[in-house]
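Number of protein chains: 2
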Amino acid sequence: MSSPHPRPALSDGPGPFDGLGRLDLALDGGALTARLVDFPSVSGDEAALADAVVAALRPLPHLSVERFGNNVVARTNLGRAERVVLAGHLDTVPIADNLPSRVEGDLLYGCGTSDMKAGVAVQLRIAATVPEPNRDLTFVFYDCEEVEADRNGLGHLARERPDWLHGDFAVLLEPSSAVVEGGCQGTMRVVVRITGQRAHSARSWLGDNAIHGAAELLGRLAAYRPRRVEIDGLEYREGLNAVLIDGGVAGNVIPDLCTVTVNFRFAPDRSEEQALAHVREVLAGFDVELTDSAPGALPGLAHPAAQAFVAATGGVPRAKYGWTDVARFAGLGIPAVNYGPGDPNLAHKREEHCSLAAITECERRIAAWLTG
Amino acid sequence: MSSPHPRPALSDGPGPFDGLGRLDLALDGGALTARLVDFPSVSGDEAALADAVVAALRPLPHLSVERFGNNVVARTNLGRAERVVLAGHLDTVPIADNLPSRVEGDLLYGCGTSDMKAGVAVQLRIAATVPEPNRDLTFVFYDCEEVEADRNGLGHLARERPDWLHGDFAVLLEPSSAVVEGGCQGTMRVVVRITGQRAHSARSWLGDNAIHGAAELLGRLAAYRPRRVEIDGLEYREGLNAVLIDGGVAGNVIPDLCTVTVNFRFAPDRSEEQALAHVREVLAGFDVELTDSAPGALPGLAHPAAQAFVAATGGVPRAKYGWTDVARFAGLGIPAVNYGPGDPNLAHKREEHCSLAAITECERRIAAWLTG
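Protein chains in written order, with the numbering used here: chain A, 1 to 372; chain B, 373 to 744.
Structure, rendered in structure tokens:
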């Protein structure tokens, strides 16, 4: 993209975002991203943006559009042999004095540019410009991805409208620097409680120091060699780490309790049960309590639609380490990957930005896959 | 004490502590303790009790009485070869629904009975009943012992009126179950900061886990064998303990900081400098910062006045492990011991109480030492 992106006329109206009630899907991907960014849609406050998405998609005759809360699902019904899902979340983390958007050269700055309104813009552009795709398409726009798991709109759809999500393969347009990221690792947290006997520290031999009791636990974690495993050609690297520790009563008391929270990130060839059994084995002898857990997702790159997608996007797929909503699709039996124009390292940062050229290129490759 | 102690007529007046403005030093030690207990004097609120102490001592012709804030010092000036100090604090920890005092058999219950109004009663009784002691006497009644060190009345006197505290030997009438407790151990706290590199826990190899870095530190502390050392025939037992630990940012972040507070209780043959050097040696390689320190006090039992005191009290002296104000006397060059009728294990407890017979016996032994 060689010409500078026209900055939206944000200062013309009485309010900062007036006049942006309409999304013009004829805009190029970069300009459309800027429009989307200038709809503030912090988690829980996505209604106006969902309204605009519905209003933009409803006029398209090749799509049927449905809404559940602030989740919007649009589908082609062309009777194709395969159906693929293109999914993205509408919400952003809280605004950090980084709205409205602004352009510097090829870069569009602003809250949600990378994570993930650039991806949503690509979804909308494909919806508008590929009326006769070679695979049936389902576009999913959902809310509350950036907050507690039980508010996640994709989770709500999976429970309340699972048929809307049906498909053979899913692409989540989360920022991945335009590289296919396959599957995702699972994650679980356990709390280890080490107990002792309280005593005045002037008579420490009358007590049993629970913090000292953590030495063995931390020693095992420090010595732990995490597994590296290859699945569908992608390498996953696990990790077992103390992430929080807390112990002690006062400066003159031998502590009777030390609590360590341990996070296990596990490759998707382990189930949650297997992962917990492994943690219990490593931490044998300690009081281990599971506090939360989310399964991983296998990359699913063996599926024909996935292979065609990888071929069309042209890159070398890599493993996804962080937990993402592809695991929700995996839970529905739908292989899924992350593929989006943003840079994941910029997500949630004040200086968040996205390359305008990358947005256009991402759209071009997905369109090629769906029309080739 | 064979006859039951007469319970003060606390319920006669309109308010719970009415009619108690005067301390009758002709009462026996138990009854006087009850009167003192029924003057609430939580730290910072000792003025009324200090007034009463001054009013009770001023009429005694063998004493000169001085006051500094809520600290009262009374002295004989008989030109004896030795001067001994009898010291006690007027304040108590907060009342825990345990006032007014009450008697059950030989036991007087109430806030401050053991720590240390029984000791103060003994001081007052000696002041009133031993007008011609064989050693000159200095009685010190001070405030704010139960709170932060910089509010301590004995510390204020040591800085502002050091000449009032002059003496050859001091007895602090803190509860010691009527056993001479010699000297006290020193105490210091250091904070150890273990740093690392923050990273998302899904990519833990990009970080450096500071909590895991604490394994080596805690291992050294757990393996540490504290010294036992005999001084003046008393055995001191040291202790080096982690008392607080804190680390971690969030459940999905490799922590870049873990902070461990370590408390060293050291025998009084080490200076603070030597104690700190020892801690630094044990924790070599770690970032150790001294946060607070208080010196120990040698038992000083070689002094003739101390030897006579031990002989008069008749027990076998033992080492004092906790830090007490005897260290302040040691800092002024005055050997000091703890010796008082209360049970130190009952201090600061709701069910705090003191044996009435023990109060009388303590008074009798000290009087014997000073008149023998």
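Glycine included, C-beta positions come from ideal geometry on N, C-alpha and C.
is_contact[residue i, chain B] using C-beta, thresh 8 angstroms
| i | result |
| --- | --- |
| Arg225 (chain A) | no |
| Ile194 (chain A) | no |
| Ile231 (chain A) | no |
| His201 (chain A) | One point to set straight first is that residue 201 (chain A) is Ser, not His, in the sequence displayed. Taking Cβ atoms only, chain B reaches closer than 8 angstroms to Ser201 (chain A), which makes this a yes. |
| Glu363 (chain A) | no |
| Arg189 (chain A) | yes |
| Asn209 (chain A) | yes |
| Cys378 (chain A) | Residue 378 (chain A) lies beyond the stretch modelled for chain A, which goes from 1 to 372, so this question has no answer here. |
| Ala158 (chain A) | no |
| Asn152 (chain A) | no |
Three-state secondary structure assigned by DSSP to residue i
| i | result |
| --- | --- |
| Gln185 (chain A) | coil |
| Ile254 (chain A) | strand |
| Ala582 (chain B) | helix |
| Ser293 (chain A) | strand |
| Arg237 (chain A) | strand |
| Thr360 (chain A) | helix |
| Phe309 (chain A) | helix |
| Thr696 (chain B) | coil |
| Gly484 (chain B) | coil |
| Ala242 (chain A) | strand |
| His675 (chain B) | coil |
| Ser176 (chain A) | coil |
| Glu66 (chain A) | strand |
| Leu23 (chain A) | coil |
| Asn502 (chain B) | Before going on, a small fix: residue 502 (chain B) reads as Val here, not Asn. Note: Val502 (chain B) maps to coil in three-state DSSP. |
Close beta carbons around residue i, own chain, < 8 angstroms, minus the five adjacent residues each side
| i | result |
| --- | --- |
| Pro376 (chain B) | A caution first: Pro376 (chain B) carries a pLDDT of 37, below 50, which makes its placement in the model too unreliable to give a value. |
| Val279 (chain A) | Met188, Val190, Leu240, Val262, Phe264 and Val288 |
| Arg220 (chain A) | Val282 and Leu283 |
| Gln307 (chain A) | Leu301 |
Close beta carbons around residue i, own chain, < 7 angstroms, minus the five adjacent residues each side
| i | result |
| --- | --- |
| Cys516 (chain B) | Ser415, Gly416, Asp463, Arg523, Asn524 and Gly525 |
| Ala127 (chain A) | Leu57, Leu60, Leu63, Ala74 and Phe139 |
| Ile488 (chain B) | It should be pointed out that residue 488 (chain B) corresponds to Met in this sequence rather than to Ile. Cβ within range, chain order: Gly460, His461, Leu545, Glu546, Pro547, Gly712 and Gly714. |
| Glu146 (chain A) | Ser43, Asp91, Thr92 and Val93 |
| Leu290 (chain A) | Met188, Val190 and Leu276 |
| Gly29 (chain A) | Ala121, Val122, Arg125, Ile359, Thr360 and Glu363 |
| Ile95 (chain A) | Pro40, Val42 and Cys111 |
Any C-beta of chain A under 8 angstroms from that of residue i
| i | result |
| --- | --- |
| Tyr608 (chain B) | no |
| Tyr693 (chain B) | yes |
| Arg637 (chain B) | yes |
| Arg690 (chain B) | no |
| Arg722 (chain B) | no |
| Gln569 (chain B) | no |
| His584 (chain B) | yes |
| Gln557 (chain B) | yes |
| Trp577 (chain B) | yes |
| Asp618 (chain B) | yes |
| Ala468 (chain B) | no |
| Leu662 (chain B) | no |
| Pro627 (chain B) | yes |
| Val654 (chain B) | no |
CB of residue i within 8 angstroms of CB of residue j, strictly
| i | j | result |
| --- | --- | --- |
| Leu25 (chain A) | Ala56 (chain A) | yes |
| Ile358 (chain B) | Pro716 (chain B) | One cannot answer for residue 358 (chain B) here, as it falls past the ends of chain B, which runs 373 to 744. |
| Glu181 (chain A) | Pro295 (chain A) | no |
| Gly568 (chain B) | Ala582 (chain B) | yes |
| Cys184 (chain A) | Pro268 (chain A) | yes |
| Arg198 (chain A) | Thr259 (chain A) | no |
| Val53 (chain A) | Val84 (chain A) | no |
| Gly619 (chain B) | Ala586 (chain B) | yes |
| Asp136 (chain A) | Thr76 (chain A) | yes |
| Thr113 (chain A) | His303 (chain A) | no |
| Gly609 (chain B) | Arg600 (chain B) | First, the amino acid is wrong: residue 609 (chain B) is Arg here, not Gly. Yes; because the gap between Cβ atoms is below 8 angstroms, this pair is in contact. |
| Arg350 (chain A) | Gly314 (chain A) | no |
Other residues of its chain near residue i: CB distance less than 6 angstroms, five sequence neighbours each side excluded
| i | result |
| --- | --- |
| Asn613 (chain B) | Asn635 |
| Tyr339 (chain A) | Val171, Ser176 and Val180 |
| Ala740 (chain B) | Ala684 |
| Leu244 (chain A) | Thr261 |
| Leu49 (chain A) | Phe39, Ser41 and Leu90 |
| Leu298 (chain A) | Gly183 and Pro268 |
Cβ pair count under 8 angstroms reaching 3, the region 133 to 140 of chain A against the region 91 to 108 of chain A: Not touching, per the Cβ criterion.
Contact between the region 641 to 649 of chain B and the region 697 to 711 of chain B (3+ Cβ pairs under 8 angstroms): Per the Cβ contact rule, the region 641 to 649 of chain B is not in contact with the region 697 to 711 of chain B (fewer than 3 Cβ pairs under 8 angstroms).
Segment contact flag, the region 561 to 577 of chain B with the region 167 to 176 of chain A, C-beta cutoff 8 angstroms, min 3 pairs: Contact between the region 561 to 577 of chain B and the region 167 to 176 of chain A is not established, with fewer than three Cβ pairs separated by less than 8 angstroms.
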